[in-house]
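Let me begin by presenting the structure, written as C-alpha cells, before commenting on it.
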Amino acid sequence: MRRRDRRHGRVRRLRQNRREPGQAAGGQGREDRSLLSAWQHEHDGGRYIGTGSVGVLKDPDDGWINLGTYRTQIHDRTTVTMSMVPGHRGELMRKKWWARGLPCPVAIAC
Numbered sequence: 066m067r068r069r070d071r072r073h074g075r076v077r078r079l080r081q082n083r084r085e086p087g088q089a090a091g092g093q094g095r096e097d098r099s100l101l102s103a104w105q106h107e108h109d110g111g112r113y114i115g116t117g118s119v120g121v122l123k124d125p126d127d128g129w130i131n132l133g134t135y136r137t138q139i140h141d142r143t144t145v146t147m148s149m150v151p152g153h154r155g156e157l158m159r160k161k162w163w164a165r166g167l168p169c170p171v172a173i174a175c
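The number in my numbering is simply the position in the sequence shown, starting from 1, with 65 added.
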C-alpha cells in the first residue's frame, strides 16, 4: 500500500462498511459520500469504486456465476456503470439479460 501511495499520491483506504446480503450502503434519499473513491487518474471521467473490486453476475440460462474485475464508475447516488470487455463472459451474460428486456442484476464486492 505504501508504494502505491507514493506512486499515486491521492490513494486512501476506505473505511470498511459491512452490510447484510442485499442491503445497500447509505440511507434512503441521501448520497453516501463515503462510497466515493479517489480519482484514479487526472483524465478519468469520474470517480471509480470498481478498479480493484469484483463484479458478480449470474447467467440467466444456466445459472453460471461469473466473477470478474470491471471498472465501475459512480454517476450519482443510484447509478453506476461497469466497463465490460466485448466477448468476455460477463458481457455475454449482460447481453442475455438485456435481450429478455430485463436489467442485469450485479453484486459488487469492494
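We put the beta carbon where it would ideally sit given N, CA and C, even for glycine.
key: Bridge partners - residue 135, DSSP secondary structure assignment   = According to DSSP, residue 135 bridges with nothing at all.
Cα-Cα separation between residue 137 and residue 164, rounded to whole angstroms = 22 Å
message = If I follow the unbroken alpha helix (DSSP H) through residue 149, where does it start and stop?
response = From DSSP, residue 149 is part of no alpha helix (DSSP H); its letter is neither H nor E.
query = When the Cα of residue 174 is compared with those of 108, 110 and 117, which residue comes out closest?
reply = Of the residues 108, 110 and 117, the one whose Cα lies closest to the Cα of residue 174 is 117.
task = Tell whether a beta-carbon distance below 8 Å holds between residue 154 and residue 131.
result = yes
Reference residue 110, options 141, 156 and 129, closest by Cα = Selected option, being the one with the closest Cα: 141.
request  = Identify whether residue 157 lies in helix, strand or coil by the three-state DSSP scheme.
outcome  = helix
query = Which residues share a DSSP beta bridge with residue 173?
reply = 120
request  = Please check the pair residue 119 and residue 134, which I expect to be a contact at CB under 8 Å, by giving their CB distance rounded to whole angstroms.
outcome  = 6 Å
request  = Give the straight-line distance between the Cα atoms of residue 139 and residue 127, rounded to the nearest whole angstrom.
outcome  = 30 Å
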